[in-house]
Amino acid sequence: MIAISEYEDNKKWRNLESAKDDDINNFKYIFEQELNYEFVCNEEPKMNKDDVNEFLATLIVNHKNKKQYDALIIIISGHGNEGEEQNNIHNDNGFLMIWSTTKGYQ
1466 MIAISEYEDN KKWRNLESAK DDDINNFKYI FEQELNYEFV CNEEPKMNKD DVNEFLATLI
1526 VNHKNKKQYD ALIIIISGHG NEGEEQNNIH NDNGFLMIWS TTKGYQ
């Protein structure tokens, strides 16, 4: 999980305490306790593009198919784009991507 809760410019993007507290705790509970999955989340609340790329690269190296299973679930919690409340893409390569943002969340 990538949870971004702190932003440089709070006039444009306000900090999201819910991403840091509620989202991480809720997803961690669901994936570890209910589904018995391994849950990994970034430790730093502020991330830029390079930080996200580094986090994902480290994740790949540390967890490369160690259970001989080819599935990965990525959850990104942070600000979304207005007008993209629910989007689904299914490609012929077997990947299903779903993303959702909450329009107007205060």
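Using my numbering, read the sequence shown as starting at 1466 and increasing by one per residue.
Ideal Cβ positions, reconstructed from N, Cα and C, are used throughout, including at glycine.
Bridge pairing for isoleucine 1467: Ile1541 [DSSP]. CA-CA distance, aspartate 1516 to alanine 1468, rounds to 12 Å.
Between the alpha carbons of alanine 1522 and valine 1505 lies a gap of roughly 13 Å. By the neighbour-count definition (other C-beta atoms within 10 Å, threshold 16), isoleucine 1489 is a buried residue. A direct Cα-Cα distance of roughly 29 Å separates lysine 1477 from isoleucine 1538.
Looking at the backbone, the Cα of leucine 1481 and that of lysine 1531 are separated by about 33 Å. Rounded to the nearest angstrom, the Cβ distance from asparagine 1507 to phenylalanine 1520 is 5 Å, consistent with a contact under 8 Å.
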